[in-house]
Amino acid sequence: MTFCVEGGEALKESGIDPEDLFMLCAKKALSFTGCPYDCQADLTITDNEGIREVNRQFRGLDEPTDVLSFPMLEFEVPGKFDIPDSERAQYFDQETGELVLGSIMISLERAKQQAADFGHSLKREMAFLIVHSMLHLQGFDHISEGDRIVMEKAQEEILNDLNILRTCNEGGSS
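Residue numbers (my numbering): 10 to 183.
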């Protein structure tokens with residue numbers, strides 16, 4: 010599996026290894042859905058201004074947000090990887106054979122603020138945003154109430170399995 014991180018220097022300064030956290034969360038989210046493929050995904054860590062510009066460009070919203078997800082696949086059923094043989098060439102990296110899921114962008118500024126607002130660690134907030142986006146890359150969404158409930162339940166289960174909890178604990182995995 011190939012997970013690439015750009016712009017993680019500021020997160021490292023906070024004592025969090027962005028590559029390790031991304032790999033851990035991404036693998037758990039893929040395991041949750043039973044993804045049958047080795048995959049590729051990219052994470053860019055930016056600031057509020059950087060994500061604001063991308064949000065304006067791609068969503069027409071001239072404001073910062075916490076996270077943006079750019080999936081490469083469309084799913085009829087979230088997490089169901091039914092890729093017809095005739096379409097495999099457009100979704101798989103020809104050199105590695107890995108399924109290209111897409112890209113994630115996170116505002117570290119926003120993540121820090123949300124961690125403070127919610128009273129949990131930056132690690133927990135970053136893990137939540139990564140898991141949230143990895144689910145988006147696998148077809149999950151939260152537009153309808155029913156879809157929101159399914160996605161929130163999946164996020165909670167994945168983070169609980171990782172022991173990255175909403176409340177701070179002395180084990181350092183919050």
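No residue lacks a Cβ here, since even glycine has one placed at the ideal position from N, Cα and C.
- Message: Within a Cβ cutoff of 7 Å, which residues of the same chain sit near L144, ignoring the five residues on either side of it in sequence?
- Response: The beta carbon of L144 is closer than 7 Å to those of A38, M160, A163, Q164 in its chain, skipping five residues each way along the sequence.
- Taking the Cβ atom as the reference point for each residue, do V109 and Y100 lie within a distance shorter than 8 Å? Yes; because the gap between Cβ atoms is below 8 Å, this pair is in contact.
- Query: Exposed or buried, which one is T42 when buried takes at least 16 other CB atoms within 10 Å?
  - Reply: Buried.
- Message: Looking at R133: is its Cβ nearer than 8 Å to the Cβ of R175?
- Response: Contact flag set, yes.
- Query: Tell me the DSSP bridge mates of F101?
  - Reply: Residue pairing by DSSP places F101 opposite L108 in a beta bridge.
- Item | Contact under 8 Å by Cβ, D102 with Q147 | Cβ distance not < 8 Å, so D102 and Q147 don't count as in contact.
- Item | For I113, the nearest candidate out of M81, D26, I25 (CA to CA) | Comparing alpha carbon positions, the residue from M81, D26, I25 closest to I113 is M81.
- Specify, as a first and last residue, the run of the beta strand (DSSP E) that C13 falls within. 11 to 15 is the span of the beta strand (DSSP E), which, as asked, contains C13.
- Mark D191 as exposed unless 16 or more other C-beta atoms lie within 10 angstroms of its C-beta, in which case mark it buried. Beyond the ends of the chain as shown, which are 10 and 183, falls residue 191; an answer cannot be given.
- Query: What did DSSP end up calling G180 once you bin it into helix, strand or coil?
  - Reply: A caution first: G180 carries a pLDDT of 37, below 50, which makes its placement in the model too unreliable to give a value.
- Message: Quick test of your reading: I60 and G17, contact by CB under 8 Å. State the CB separation rounded to the nearest angstrom.
- Response: Contact between I60 and G17 does not hold, since their C-beta atoms are separated by about 15 Å, which reaches or exceeds 8 Å.
- To the nearest angstrom, report how far apart V63 and G88 are at their CA atoms. Those two C-alpha atoms are separated by around 26 Å.
- Go through its chain and collect everything with a Cβ distance to H151's Cβ below 6 Å, but skip five positions before and after it. Cβ within range, chain order: R157, M160.
- Query: So, is S78 buried or exposed, given that buried needs 16 or more other C-beta atoms within 10 angstroms?
  - Reply: Residue environment for S78: buried (at least 16 other C-beta atoms within 10 angstroms of its C-beta).
- Where P93 sits in the DSSP three-state scheme: In the three-state DSSP reduction, P93 falls in the coil class, being neither helix nor strand.
- Message: Taking only three categories from DSSP, how would you classify I115?
- Response: Note: I115 maps to strand in three-state DSSP.
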